[in-house]
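> According to our numbering, the sequence shown is numbered sequentially starting from 241.
Note that CB positions come from ideal geometry on N, CA and C, so glycine has one too.
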Amino acid sequence: MPLPWHRDLWHHWWTLYEPRQMPHALLISGLPGIGKRTLARGLARWLLCQAPTAEGACGQCHSCHMVEAGFHPDWHWLIPESEGKAIRIDQVRALNEVAQQSAQQGGFKVMLVAPAEAMNAYAANALLKTLEEPPQDTLFLLVSDQPSDVLPTIRSRCQQWRLGVPTGAEPVQWLARHLGNEDEARLWLKRTGGRPLTAWKWSQSGTSSHLQQLFEALEAVAFGAEPTEQATRLTDIGLLELLNHVQDWLADALRMAVAGPMSVRDDERRPLYQQWLTLAGPRQLLMLEQQCRQWRQQLVRNPNAQLLTEQILLAFSQVLRGTDAHA
Ligand SMILES: [Zn+2]
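(1) What separation, rounded to the nearest whole angstrom, lies between the Cα atoms of Q344 and P313?
(2) In terms of DSSP beta bridges, what is A265 paired with?
(3) Any chance the CB of G270 is under 8 Å from a heavy atom of ligand 1?
(4) Let me know the secondary structure DSSP gives G270 once reduced to three states.
(5) What's the C-alpha gap between P263 and M351?
(6) K325 lies in the beta strand (DSSP E); which residues open and close that run?
(7) Taking 8 Å as the cut-off, does the CB of C398 come closer than this to any heavy atom belonging to ligand 1?
(8) Say yes only if the C-beta of P313 is nearer than 8 Å to one or more non-hydrogen atoms of ligand 1, and no if none qualify.
(9) For a test of the three-state rule: what should DSSP assign to Q538, helix, strand or coil?
(10) Is there at least one non-hydrogen atom of ligand 1 closer than 8 Å to the beta-carbon of G275?
(11) Quick one: any contact between the segment 432-445 and the segment 265-278, if contact means 3 or more CB pairs under 8 Å?
(12) I'd like the span of the beta strand (DSSP E) that includes M496, first residue to last.
(13) Would you say V390 and L267 are within 9 Å of each other, going by their C-beta atoms?
(14) Skipping 5 residues on each side, what residues in its chain have a beta carbon closer than 7 Å to that of Q284?
(15) Please go through the segment 283-330 and give each complete alpha helix (DSSP H) segment of 4 or more residues, from N-terminal end onward.
(16) Please give me, in chain order, every unbroken run of the alpha helix (DSSP H) with length at least 4 that falls completely inside the segment 403-476.
(17) Taking only heavy atoms of ligand 1 into account, decide whether any of them is closer than 8 Å to the Cβ of P292.
(18) Within a Cβ cutoff of 7 Å, which residues of the same chain sit near D330, ignoring the five residues on either side of it in sequence?
(19) DSSP on L352, reduced to helix/strand/coil?
(20) Please state the DSSP three-state secondary structure of Q341.
(21) Who are the near neighbours of H566 in its chain, counting only those whose CB is closer than 6 Å to its CB and skipping five residues on each side?
(22) Looking only at DSSP bridge pairs, what is M359 linked to?
(23) Taking H251 as part of the alpha helix (DSSP H), name the residues at either end of that continuous run.
(24) Cβ of A297 within 8 Å of any heavy atom in ligand 1?
(25) For S303, is the classification buried or exposed, using 16 other Cβ atoms within 10 angstroms of its Cβ as the cut-off for buried?
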């Protein structure tokens, strides 16, 4: 079953599938938490199904059963060994080899690459060679939160689907069905900028308290608190989660600078963004946002969490208070 806000894409896929006009490579991009991987998995399952219909995979055939059991010999994944790590060139080489072989079930092969930006330059170039001479009956499905970090030559080899944040009643109804409460669904969607899968995840984890801790630490830093001291309050939050939140908030603040306060769905955070914009201005916030991308890249090298958290808060302090982070 597709996510309700992906039905149009689902139908579009069928219009490509039936006359066999699918691309060799598809890049699905958009913000985290809007269902890109769910969509990619759905398309993969559909393509491998032996009796697909306009509604998707049949759910009854041998292929569908193998997919459900978690193993299909023609479905291959290219993912980092753990979250936040890079996809290595030897992983790509192994995938390239499989891509050249014919499908074991006699149908299509699906290569799912996620997140595509996790490929370093060597890995990306190795994949590019295969995309330039695509093997028959093979679909490369690339998923990316940051398509601008994917090698441009790879992007140009892919049909690109850029997914926006879903709007309207569907995401609210979907989340309300999971949470059993529509008010709560609206609240979590507000907190996550309308990203339903992130909203679901956050509602089920300790994210609520993490958000509060981070919010308070950043607010304190803006008011002149000592960054290293504030960093000790954030030891429960993983670096990837911390960077995700910080980057989200900076993006929100930048959007607010351009499109006004109503463009930010979470009214609780508007005062913080306003404060950032007053103290630092959009240009400086944009620099911080770019710095976040660099910190994110450092995660592959297992940095010291405490030190990097301090570094992040120091950078905020420097930008917001005009203090020297290296003093
Ligand atoms: Zn089937």
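Short version:
(1) Working through the sequence shown from its first residue, we reach residue 344 at position 104. Working through the sequence shown from its first residue, we reach residue 313 at position 73. In a straight line, the C-alpha of Q344 is about 6 Å away from that of P313.
(2) Walking along the sequence shown from the start, residue 265 turns up at place 25. A265 is bridged to F380.
(3) The count along the sequence shown starts at 1 and reaches residue 270 at position 30. False, no ligand heavy atom lies under 8 Å from that Cβ.
(4) Counting from 1 along the sequence shown, the entry for residue 270 is found at position 30. G270: coil per DSSP, three-state reduction.
(5) Residue numbering aside, residue 263 sits at position 23 when the sequence shown is read from its first letter. Residue numbering aside, residue 351 sits at position 111 when the sequence shown is read from its first letter. Each residue's alpha carbon lies about 13 Å from the other.
(6) For the purposes of this step, residue 325 is identified with residue 85 of the sequence shown, where counting begins at 1. Element bounds for K325: n/a, residue is neither H nor E.
(7) Within the sequence shown, residue 398 is the residue found at index 158, counting from 1. Result no, Cβ not under 8 Å from ligand 1.
(8) In the sequence shown, residue 313 corresponds to position 73, counting from 1. No - ligand 1 has no heavy atom lying nearer than 8 Å to the Cβ of P313.
(9) Here the question's residue 538 lines up with position 298 in the sequence shown. Here DSSP, grouped into helix, strand and coil, assigns Q538 to helix.
(10) Your numbering for residue 275 matches position 35 in the sequence shown. No, the beta carbon of G275 sits no closer than 8 Å to any heavy atom of ligand 1.
(11) Touching, per the Cβ criterion.
(12) Counted from its first residue, the sequence shown places residue 496 at position 256. Looking at the DSSP string, M496 is not in any beta strand (DSSP E); the run it does join, the alpha helix (DSSP H), is L479 to A499.
(13) In the sequence shown, residue 390 corresponds to position 150, counting from 1. In the sequence shown, residue 267 corresponds to position 27, counting from 1. Yes, these two residues count as a Cβ contact at 9 Å.
(14) Position 44 of the sequence shown, counting from 1, holds the residue named residue 284. Here the sequence assigns Ala to residue 284, which means Gln is not the residue at that position. Taken in chain order, the residues that qualify are W315, V350, L352 and L381.
(15) DSSP runs (the alpha helix (DSSP H)) wholly in the segment 283-330: 302-308.
(16) As for any alpha helix (DSSP H) of minimum length 4 sitting wholly inside the segment 403-476, the runs are 409-419, 422-431, 436-443, 447-462 and 467-471, ordered along the chain.
(17) Locating residue 292 in the sequence shown gives position 52, counting from the first residue. Ligand 1 has a heavy atom closer than 8 Å to the beta-carbon of P292.
(18) Residue 330 sits at position 90 when you count from the first residue of the sequence shown. Excluding the 5 residues flanking it on each side, D330 has no same chain C-beta neighbour closer than 7 Å.
(19) As a working note, residue 352 is residue 112 in the sequence shown. DSSP places L352 in strand when its eight states are reduced to three.
(20) Sequence index remark: in the sequence shown, residue 341 carries index 101 (1-based). DSSP places Q341 in coil when its eight states are reduced to three.
(21) Numbered from 1 along the sequence shown, position 326 holds the residue referred to as residue 566. At H566 the pLDDT is 42, less than 50, meaning the model places this residue with poor confidence and gives no usable figure here.
(22) Working through the sequence shown from its first residue, we reach residue 359 at position 119. Looking at the DSSP assignment, M359 forms a beta bridge with I327.
(23) Taking the sequence shown and counting its residues from 1, one reaches residue 251 at position 11. If you look at H251, you'll find it in the alpha helix (DSSP H) that goes R247 to Y257.
(24) As a working mapping, residue 297 is identified with position 57 in the sequence shown. At least one heavy atom of ligand 1 is nearer than 8 Å to the Cβ of A297, so yes.
(25) The count along the sequence shown starts at 1 and reaches residue 303 at position 63. Counting C-beta atoms within 10 angstroms of its own C-beta, S303 has 16 or more neighbours from the protein chains shown and is therefore classed as buried.
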